[in-house]
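One structure below.
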Amino acid sequence: MTGWRRDPKIYGKPDFIFKKEKLAIFVDGCFWHGCPSHHKKPTTRAEFWETKIGRNIQRDRIVSRTLRADGWAVIRIWECKLRDYPLSEVKRVNRKLRELRAQIEASKTPASSLVK
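In structure tokens form, the structure reads like this:
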């Protein structure tokens, strides 16, 4: 997979971006981002952690919405999915890249060449 970079200046600080395609990828840790399958609620300081994780989830939603409103595509990958099914996650990113690259190519095609 080529064309990716890390750019902390992008809103929300995605883990990876494909700038040309405007694709932001986040790899969300199961504990910190509240994975529905693997997040285990701590028993110590439970209220603190529930609030903290809840804010993280809320911030993730805001970041994704904001980036999409700015024309970015967003993929969020759970840590557990990347660990257990890495090929599946890479394929998901590749599918999205193909889709975005096709859209870019289509936008380069002059409208007059589409009419026969």
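Counting from 1, position 52 in the sequence shown corresponds to residue 59 in this note's numbering; the numbering is continuous, with no gaps. Even for Gly, the Cβ is constructed at its ideal location relative to N, Cα and C.
Span of the beta strand (DSSP E) around residue i
i: W85; result: A80 to W85
i: I24; result: F23 to F25
i: I32; result: L30 to D35
Residue environment, residue i, which counts as buried when at least 16 other CB atoms sit within 10 Å
i: P43; result: exposed
i: H57; result: In the sequence as displayed, the identity of residue 57 is Glu instead of His. Label assigned to E57: exposed.
i: D35; result: buried
i: K26; result: exposed
i: L94; result: exposed
i: A113; result: exposed
i: A109; result: exposed
i: K48; result: exposed
i: A53; result: exposed
i: I24; result: buried
i: K98; result: exposed
Start-to-end residues for the alpha helix (DSSP H) that takes in residue i
i: D67; result: A53 to A76
i: I111; result: P93 to K115
Whether residue i touches residue j by CB criterion (9 Å)
i: I69; j: F33; result: no
i: L74; j: P21; result: yes
i: K59; j: I82; result: no
i: L107; j: E28; result: yes
i: H40; j: D67; result: yes
i: A76; j: L30; result: no
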